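Enquirer: In the working numbering, the protein residues as written are 109 to 250. So that we are looking at the same thing, I have put the structure below in structure tokens.
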Amino acid sequence: MEADAAKLNGPYAAAVAAVAERLETVGPARAEFDDVDAFLASVADAPPSRVLHRGGAWGALHAALVNDAGDVAAPFSTSEARPFPGAPGLAFGSVDEAVAADPAARPWASLLVNGTFGAEANTADVVTSFMVDDATSACEPR
């Protein structure tokens, strides 16, 4: 895409306006864009008709950790499947199901429910990265 370099290198608002103006001439027509946007919004919360790939347990753990507002949702349930916050059509299954499919998540599920990684966890091997958002920090090992 090409646009007026003087506008792009000027004030931010002018650069945004120049890009928007150019997109109107090279991108899909506004009406077509609005139609596609409306369709996608109408199916955003629909459950999938078939699962193409089941990811790791981490989405299920995070969905169990937080409520729809992104706040800590204690008490936690490992057997209840919760949709991912803000995306009701994105289901991960329960934590128990996720951990059964990905045993590496077991210490993290224990941390969520019990406040510890569990006796069987070798934290030197397990804890190689951290989540530092408020919800995860509230579950730090006791």
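Even glycine gets a Cβ: it sits at the ideal position worked out from N, Cα and C. Because the structure is a prediction, the values reported are computed rather than measured.
1) Could you please give the first and the last residue of the uninterrupted alpha helix (DSSP H) stretch that includes His161?
2) Taking the alpha-carbon positions, what's the Leu309 to Asn222 distance?
3) Could you tell me the alpha carbon to alpha carbon distance between Trp216 and Ala154, rounded to whole angstroms?
4) Is it the case that the Cβ atoms of Arg138 and Ala111 are separated by a distance below 8 Å?
5) Here's the rule I'm using: 16 or more other beta-carbon atoms within 10 Å means buried, otherwise exposed. How should Arg214 be labelled?
6) Is it right to say Phe200 is buried, meaning 16 or more other beta carbons lie within 10 angstroms of its own, or is it exposed?
Expert: Quick look at the numbers:
1) Position 53 of the sequence shown, counting from 1, holds the residue named residue 161. Neither: His161 is in no alpha helix (DSSP H) and is coded neither H nor E.
2) Because the chain here runs from 109 to 250, residue 309 falls outside it and cannot be looked at.
3) Stepping through the sequence shown from its first residue, residue 216 is reached at position 108. Stepping through the sequence shown from its first residue, residue 154 is reached at position 46. So the two alpha carbons sit approximately 29 Å from each other.
4) Translated into positions along the sequence shown, residue 138 becomes position 30. Translated into positions along the sequence shown, residue 111 becomes position 3. Inclusion of Arg138 and Ala111 in the CB contact set at 8 Å is not warranted, their separation being larger than that value.
5) Your numbering for residue 214 matches position 106 in the sequence shown. Burial call: buried.
6) As a first step, residue 200 must be located in the sequence shown, where it is residue number 92. Per the 10 Å Cβ criterion, buried.
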